[in-house]
Amino acid sequence: AAVPATLQRIILTGFMGAGKTSVGRLLAEQLGWAFLDLDEHLETRANATIPELFARDGEARFRRIESSALANALSHTHTVIALGGGAPEQLTNRLLLEQTPNTHIIFLDAPFPVLFDRCMLQSFASPDHIRPLLASPEQAEARFLTRQPIYRRLARLTLSTADLTTQQAVDQLLSSL
Ligand code: S3P
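Residues 14 to 190 (full-length UniProt numbering) make up the sequence shown, in order.
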């Protein structure tokens with residue numbers, strides 16, 4: 014696929030379970046670009062896992078760590094960046110994302126029940142990476158609804174991943190660049 018010469022970053026946004034990490038990793042591989050997962054990046058910088066950060070200091074402190082990791086991540090070039098699902102909720106993060114030049118933002122979308130089921134399956138496979146904000150399905154769905162318009166406005170393209178394999182999602186993204 015031909016990538017526009019000026020393009021420096023592709024950012025994947027969307028709710029937990031949308032496929033940001035798996036699609037992002039494969040997309041980067043097929044572009045010959047680096048891949049940066051914001052959750053992993055912030056865990057490395059904080060030297061703690063996300064469940065530990067939530068348990069220790071609550072969500073507010075986690076969000077501050079996430080913002081500083083985001084600012085750092087956006088300085089990377091020829092990189093596919095998978096955001097955490099909550100990263101665009103803060104206005105300052107949104108402004109930062111909107112003001113980063115030569116960057117495509119893509120919203121990976123799926124219905125809430127699909128996302129929730131994917132996350133539950135993942136939590137069995139990797140119990141160290143339980144997502145603290147899924148403890149209450151009702152509250153998670155409320156967050157999902159609040160965030161939908163935020164993701165949609167931020168992105169130049171929305172891709173529904175409900176019925177796509179990871180490779181199919183990557184193919185569609187590559188043909189849209
Ligand atoms: C969160 C999403 C998670 C992680 C944290 C909070 C959220 O990232 O950043 O558990 O607020 O939606 P993923 O979207 O990669 O699961």
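In this text, a Cβ means the ideal position worked out from N, Cα and C, and glycines have one as well.
One or two residues paired with residue i in a DSSP bridge
i	result
Phe48	Val93
residue 223	No answer is possible for residue 223: it lies beyond the span of the chain, which begins at 14 and ends at 190.
Ile78	For Ile78, which the question treats as bridged, DSSP gives no partner whatsoever.
Asp122	Ser173
Ile23	Val93 and His117
Proximity test, residue i beta-carbon vs ligand 1 heavy atom, cut-off 7 Å
i	result
Leu146	yes
Ile63	yes
Thr34	yes
Asp52	yes
Gly71	no
Gly45	no
Gly98	yes
Met29	yes
Exposure label - residue i; buried when at least 16 CB within 10 Å
i	result
Gly30	buried
Asp50	buried
Arg74	exposed
Glu79	buried
Phe137	exposed
Ala95	buried
Gly71	exposed
Gly45	exposed
Ser35	buried
Pro17	exposed
Asp176	exposed
Ala153	buried
8 Å Cβ shell around residue i - same chain, five flanking residues per side excluded
i	result
Thr62	Glu56, Asp141 and His142
residue 4	This structure cannot settle anything about residue 4, because the visible part of the chain is limited to 14 through 190.
Pro101	Thr26, Arg107, Leu110, Arg160, Ile163, Tyr164 and Leu167
Neighbourhood of residue i by C-beta, 7 Å cutoff - its chain only, sequence neighbours within 5 removed
i	result
Thr19	Asn115
Asp52	Ile63 and Gly97
Pro150	Phe129
Contact set for residue i: own chain, Cβ-Cβ below 6 Å, skip 5 residues either direction
i	result
Ile23	Val93 and His117
What are the complete alpha helix (DSSP H) segments, minimum 4 residues, inside the region 49-73? Secondary structure in the region 49-73: the alpha helix (DSSP H) runs of 4 residues or longer, each lying completely within the stretch, are 51-59 in chain order.
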